[in-house]
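Participant: Shown below is the structure under consideration.
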Amino acid sequence: IELGEYNIRVNAVIPGYLPTEMGADISDKIKEQIIGKNVLKRYPPTLTLPLEGGGKGEGEIADFVHYLSTKENISGQVFNLDSRVI
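Using the numbering used here, the first residue of the sequence shown is number 86, and each one after it goes up by one.
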């Protein structure tokens, strides 16, 4: 609301674990520990639905941020890009 008069939109993008070159050397055990800390994993399994493949990498986030930057009517939102769990 405070920045709207200046035509400034504010959104937050929260990426989950994504396979990247930087994380290529991380062991599967560590990866599962990172993914396991997802807040939805704390609830009964019926509320979590793992999706195949997970994220595709940094490009996926960049594409979403680009899309978000082109939409003038989206502001004040938080987007959790965790394709492992919905």
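Just so it is clear, CB atoms sit at the ideal spot from N, CA and C, and this is done for glycine as well.
Which of the three DSSP states, helix, strand or coil, is assigned to Thr131?
Facilitator: As a working mapping, residue 131 is identified with position 46 in the sequence shown. For Thr131, the predicted model reports a pLDDT of 47, less than 50, meaning its position is unreliable; a value from the coordinates is still stated below. Here Thr131 sits in helix by DSSP.
Participant: Taking the alpha-carbon positions, what's the Leu153 to Thr105 distance?
Facilitator: Taking the first residue of the sequence shown as 1, we reach residue 153 at position 68. Taking the first residue of the sequence shown as 1, we reach residue 105 at position 20. Answer to the nearest angstrom: the Cα atoms are 22 Å apart.
Participant: Please list, in chain order, all residues of the same chain as Asn96 whose beta carbon is under 8 Å from its beta carbon, the five residues on each side excluded.
Facilitator: In the sequence shown, the residue the question calls residue 96 occupies position 11. Within the same chain, Asn96 has close Cβ partners Leu153, Ile159, Ser160, Gly161, Gln162, Val163 and Phe164.
Participant: Throw me the rounded Cβ distance for the Asp148 and Gly101 pair, which I believe falls under 8 Å.
Facilitator: Locating residue 148 in the sequence shown gives position 63, where the first residue counts as 1. Locating residue 101 in the sequence shown gives position 16, where the first residue counts as 1. In fact, because the Cβ distance is near 16 Å, the residues do not count as touching under 8 Å.
Participant: Where does Leu88 sit, in a helix, a strand or coil, going by DSSP?
Facilitator: As a position in the sequence shown, residue 88 is number 3, starting the count at 1. Of the three classes helix, strand and coil, the one that applies to Leu88 here is coil, per DSSP.
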